[in-house]
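There are 2 protein chains.
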Amino acid sequence: MNPALDGIAPSIIRAINARKRPGDIDLGLGEPTLRPDPRPFDAATAWVREHGLPYTANAGDAKLRAQVAAYHAFPDRGAAENVCVTIGSEEALYLALKAAIDPARDEVLIVEPCYLAYPKLCALEGIRHRMVAMDPADGFRPDAARVLEALGPDTRMIVLNSPNNPTGRVWPESELRALAYGLAARPGEPVRVLSDEVYRELYFGEQAPVSIGALWPHSLVAGSLSKSNALTGLRLGWLIGDAKTIAAATKVHQLVNTAASTFSQVVAMEVFADPATLAAHRPHYAQRRAMLEGWMREHGLDYAPIEGAFYCMVRLPERWAADSLGAAEALLEHHRVLATPGIAFGQSGEGWMRLSWVAEENALREGIARIAELFRDAP
Amino acid sequence: MNPALDGIAPSIIRAINARKRPGDIDLGLGEPTLRPDPRPFDAATAWVREHGLPYTANAGDAKLRAQVAAYHAFPDRGAAENVCVTIGSEEALYLALKAAIDPARDEVLIVEPCYLAYPKLCALEGIRHRMVAMDPADGFRPDAARVLEALGPDTRMIVLNSPNNPTGRVWPESELRALAYGLAARPGEPVRVLSDEVYRELYFGEQAPVSIGALWPHSLVAGSLSKSNALTGLRLGWLIGDAKTIAAATKVHQLVNTAASTFSQVVAMEVFADPATLAAHRPHYAQRRAMLEGWMREHGLDYAPIEGAFYCMVRLPERWAADSLGAAEALLEHHRVLATPGIAFGQSGEGWMRLSWVAEENALREGIARIAELFRDAP
Chain A
1 MNPALDGIAP SIIRAINARK RPGDIDLGLG EPTLRPDPRP FDAATAWVRE HGLPYTANAG
61 DAKLRAQVAA YHAFPDRGAA ENVCVTIGSE EALYLALKAA IDPARDEVLI VEPCYLAYPK
121 LCALEGIRHR MVAMDPADGF RPDAARVLEA LGPDTRMIVL NSPNNPTGRV WPESELRALA
181 YGLAARPGEP VRVLSDEVYR ELYFGEQAPV SIGALWPHSL VAGSLSKSNA LTGLRLGWLI
241 GDAKTIAAAT KVHQLVNTAA STFSQVVAME VFADPATLAA HRPHYAQRRA MLEGWMREHG
301 LDYAPIEGAF YCMVRLPERW AADSLGAAEA LLEHHRVLAT PGIAFGQSGE GWMRLSWVAE
361 ENALREGIAR IAELFRDAP
Chain B
1 MNPALDGIAP SIIRAINARK RPGDIDLGLG EPTLRPDPRP FDAATAWVRE HGLPYTANAG
61 DAKLRAQVAA YHAFPDRGAA ENVCVTIGSE EALYLALKAA IDPARDEVLI VEPCYLAYPK
121 LCALEGIRHR MVAMDPADGF RPDAARVLEA LGPDTRMIVL NSPNNPTGRV WPESELRALA
181 YGLAARPGEP VRVLSDEVYR ELYFGEQAPV SIGALWPHSL VAGSLSKSNA LTGLRLGWLI
241 GDAKTIAAAT KVHQLVNTAA STFSQVVAME VFADPATLAA HRPHYAQRRA MLEGWMREHG
301 LDYAPIEGAF YCMVRLPERW AADSLGAAEA LLEHHRVLAT PGIAFGQSGE GWMRLSWVAE
361 ENALREGIAR IAELFRDAP
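Protein sequences, first through last, are from chains A and B. All residue numbers for the first sequence refer to the working numbering, where the first residue is 1 and numbers rise by one. All residue numbers for the second sequence refer to the working numbering, where the first residue is 1 and numbers rise by one.
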């Protein structure tokens with residue numbers, strides 16, 4: 001057996017999810033509860049009737065690759081050759097790390113709190129990695145200076161995620177510019193930024209978030225239709241980057257998966273035919289977020305600003321400042337609400353709890369009330 | 001960049017395919033030209049309308065896993081926990097190598113001629129590997145003794161493919177039993193067999209081929225709906241093995257891809273609801289094979305026995321005994337027929353040419369006639 005697998009810790013999220021009982025309120029779930037538009041599926045089924053279901057090229061259908069490139073419109077990376085169509089953004093992250101990093105030499109710097117698949121993928125591939133934490137005392141505010149200070153002589157890639165899971169923070173253009181300037185000022189081989197933008201369409205400010213891909217040419221951007229269009233089960237994502245890196249990523253993709261599902265790609269081409277549909281669910285989330293904030297304020301909960309995605313980090317009372325797992329267990333055991341301990345997103349998440357607020361309205365309101373009850377009862 | 005990618009040669013198949021002109025006869029294609037049954041797609045689209053499209057569990061829907069296990073019915077490996085649903089059989093091969101092999105210690109032995117993704121996957125993962133060739137003089141007859149003789153002290157896995165691409169040979173039960181007996185007689189840690197059975201349903205003998213999975217408990221079996229059901233673009237396959245290895249493979253699968261497309265899995269569950277549909281295309285191929293053999297005999301072509309899959313290895317005239325690429329180039333250039341040089345399947349394929357006979361009937365007949373013409377003209 002491959003010993004690299006022994007070093008990969010089982011998922012805390014999965015362990016606590018497994019303890020959920022029927023009737024429990026689920027604020028742990030990381031996927032939309034909205035139903036997707038079925039029309040692209042009707043169109044894709046009609047397509048199969050006409051064309052069968054052959055493979056596409058390894059990197060994906062050329063039309064879809066061009067659609068994705070045009071949608072992101074990064075300078076100098078706006079052509080089909082800049083896109084590899086992947087099995088969700090998860091495979092895009094894997095391909096970027098596998099293709100662009102030399103495990104014998106390079107180090108990866110991961111911005112946390114974060115989805116722990118980033119360090120686990122590094123562990124799987126034997127890639128040296130370090131974490132750099134945003135400041136919990138500052139509500140996990142995205143901070144380029146912290147990232148730049150943490151760079152080491154062997155750092156060849158920074159992994160960041162904006163809008164962020166679990167913090168709900170969005171990297172503002174000013175901080176992304178500061179990051180790009182800082183990287184540009186470094187001598188030697190440029191440091192890449194792998195930017196996970198799977199929540200790209202779910203923002204609550206006036207302006208759509210800017211991507212580091214637009215500001216730093218050595219960026220690799222991962223995206224998907226999973227969250228924007230409630231299509232997690234479509235497993236359709238993409239990696240965008242310079243043509244040389246995309247060609248290398250496609251070589252890996254070809255050997256590991258051949259290509260993404262042709263059916264999923266036809267569905268995606270239908271969606272991209274009207275890119276506005278990628279933003280169709282945003283008003284729903286904006287409304288839900290406003291309700292959530294109302295209930296949290298009403299109950300006096302302390303939480304990090306919710307700027308994007310569908311998560312919220314709630315600060316735990318002192319009793320659980322070093323035991324978010326204990327808080328989540330108490331919440332589940334005594335109040336029948338499932339939430340995710342902050343420690344599941346790295347050490348900097350300790351003392352916090354992540355709420356996913358995709359749940360149905362009444363469940364969400366009741367869940368917040370029960371969390372407030374738990375916190376009141378805590379010494 | 002990852003230097004492992006530099007060591008992976010570009011595909012010869014891809015290079016020659018890229019030279020095909022409109023109007024050329026294509027006997028190079030590795031996928032069915034039949035149309036798939038569209039009814040499972042209608043059913044799956046109705047399912048999406050009702051359920052949306054959430055993720056399945058990482059290893060796949062429990063019902064589908066149980067269906068696949070029951071279909072293969074290997075002793076002691078017949079439960080859902082013995083199956084990981086994958087992105088086609090390609091990912092199943094990757095997962096088996098990645099999870100079951102320790103790159104620092106283990107060696108893999110690959111039976112050729114074969115699909116060169118096997119050694120390329122080993123190169124990608126830094127796994128030591130050697131090839132063991134079946135005898136071209138014996139029509140590439142599957143030969144357990146050759147494999148057993150080639151085992152080394154560090155060999156921990158044998159990769160074989162039956163029915164075979166490119167040879168069309170099927171490992172008979174007697175040779176598989178000889179292989180299993182030979183492996184059982186070896187002291188020390190058992191050697192696994194990774195068996196690629198993606199052409200399982202396409203056989204032309206009386207009896208369905210026996211799987212090594214039924215004879216050797218340390219087998220890992222890769223399969224898919226790609227070839228049997230003309231669903232290459234569905235990207236739906238599976239890996240079957242002992243529960244511990246499948247759990248390790250699922251850990252890799254989760255990090256690399258999360259899960260297979262839920263839509264593809266619903267289509268697959270529809271197909272497995274009546275497993276006879278997996279064999280529905282066999283009569284078509286049997287008829288096509290009979291025609292092909294008639295035409296080849298008529299033209300006096302020398303070829304390896306076609307026992308399964310939809311390929312045929314044709315022996316080249318002396319002039320090209322060491323230059324199958326030259327023969328394929330001459331065939332394409334002067335006779336406008338695309339076929340695959342045997343060297344694309346390992347050194348033992350040199351001096352042969354692989355025909356894929358999924359082409360339309362008239363194209364296939366004309367293609368054979370032109371190959372005979374090329375051979376006649378050769379000195």
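Using N, Cα and C, we set each Cβ at its ideal position, and we do this for glycine too.
{"query": "Chain B contact residues for Tyr395(A), given Cβ-Cβ distances below 7 Å", "result": "Given a span of 1 to 379 for chain A in the structure shown, any question on residue 395(A) remains unanswerable."}
{"query": "The alpha helix (DSSP H) enclosing Cys114(B), as first and last residue numbers", "result": "Counting along the chain, Cys114(B) falls outside any alpha helix (DSSP H), and DSSP gives it neither H nor E."}
{"query": "Leu225(A) in three-state terms, based on DSSP", "result": "coil"}
{"query": "One or two residues paired with Ala344(A) in a DSSP bridge", "result": "Gly346(A)"}
{"query": "Neighbour list for Asp251(B) in chain A, Cβ cutoff strictly below 8 Å", "result": "Reading the sequence as shown, one finds Lys at residue 251(B) and not Asp. Under the 8 Å cutoff, chain A gives Leu5 and Ile8."}
{"query": "Reference Glu175(B), options Leu355(B), Arg141(B), Ala184(B) and Gly308(B), closest by Cα", "result": "Arg141(B)"}
{"query": "In DSSP terms, what Gly308(A) is bridged to", "result": "Tyr203(A)"}
{"query": "C-alpha distance - Leu93(A) paired with Met291(B), whole-angstrom precision", "result": "48 Å"}
{"query": "Test item: CB-CB of Phe310(B) and Trp357(B) under 9 Å", "result": "yes"}
{"query": "Within chain A, partners of Pro36(B) - CB distance below 9 Å", "result": "Val48, Gly52 and Leu53"}
{"query": "Val252(B) versus Asp377(B) - alpha carbon distance", "result": "53 Å"}
{"query": "Sequence-distant residues of its chain with Cβ nearer than 7 Å to Val210(B) (five each side left out)", "result": "Glu173 and Leu176"}
{"query": "Residues that Ile87(A) contacts on chain B, provided the C-beta gap is smaller than 7 Å", "result": "Ile87 and Asn257"}
{"query": "Sequence-distant residues of the same chain with beta carbon closer than 6 Å to Asp37(A), five excluded per side", "result": "none"}
{"query": "C-alpha gap between Val266(A) and Leu34(A), whole angstroms", "result": "21 Å"}
{"query": "Closest Cα partner of Trp238(B) within the set Gly223(B), Ala247(B), Thr250(B) and Gly205(B)", "result": "Gly223(B)"}
{"query": "Boundaries of the beta strand (DSSP E) in which Val193(A) is found, first to last residue", "result": "Arg192 to Asp196"}
{"query": "Of the residues His335(B), Met313(B), His129(B) and Arg370(B), the one placed nearest Asp138(B), counting alpha carbons only", "result": "Met313(B)"}
{"query": "Ala15(A) Cβ short of 8 Å to the ligand SAH heavy atom set", "result": "With respect to the ligand SAH, the structure offers nothing, as it holds no ligand at all."}
{"query": "Assigned exposure category for Asp154(A) - 16 Cβ within 10 Å defines buried", "result": "exposed"}
{"query": "Within chain B, partners of Glu91(A) - CB distance below 9 Å", "result": "Ile87, Val256, Asn257 and Thr258"}
{"query": "Nearest neighbour of Ala69(A), chosen from Val221(A), Tyr181(A) and Ala328(A) [CA to CA]", "result": "Val221(A)"}
{"query": "Residues within the stretch 116–127 of chain B neighbouring chain A, beta-carbon criterion of under 8 Å", "result": "Ala117, Lys120, Leu121 and Leu124"}
{"query": "Beta-carbon spacing of Ala328(A), Ile25(A) below 9 Å", "result": "no"}
{"query": "Among Leu202(A), Val83(A), His299(A) and Asp274(A), nearest to Pro32(A) - alpha-carbon criterion", "result": "Leu202(A)"}
{"query": "Sub-9 Å separation of Asp106(A) and Arg186(A) beta-carbons", "result": "no"}
{"query": "Short CB-CB distance (under 9 Å) between Lys227(B) and chain A", "result": "no"}
{"query": "Pro54(B) versus Arg21(B), Pro283(B) and Ala260(B), residue with shortest Cα-Cα distance", "result": "Ala260(B)"}
{"query": "Nonlocal neighbours in the same chain, by C-beta distance under 7 Å from Gly233(B), ignoring five residues either side", "result": "none"}
{"query": "Rounded straight-line distance, which links the Cα of Leu231(B) to that of Asp42(A)", "result": "18 Å"}
{"query": "Residue of Lys63(A), Asp196(A) and Leu255(A) minimising C-alpha distance to Gly380(A)", "result": "Any answer about residue 380(A) is impossible in this case: the structure gives chain A only from 1 up to 379."}
{"query": "Where Tyr118(A) sits in the DSSP three-state scheme", "result": "helix"}
{"query": "Rounded separation between Ala248(B) and Leu29(A) - CA only", "result": "24 Å"}
{"query": "Below-9 Å beta-carbon distance, Ile13(B) vs any chain A residue", "result": "no"}
{"query": "Segments of 3+ residues assigned as beta strand (DSSP E) that fall wholly inside the stretch 137–175 of chain A", "result": "155–161"}
{"query": "Chain B within 9 Å of Asp102(A), Cβ atoms only", "result": "yes"}
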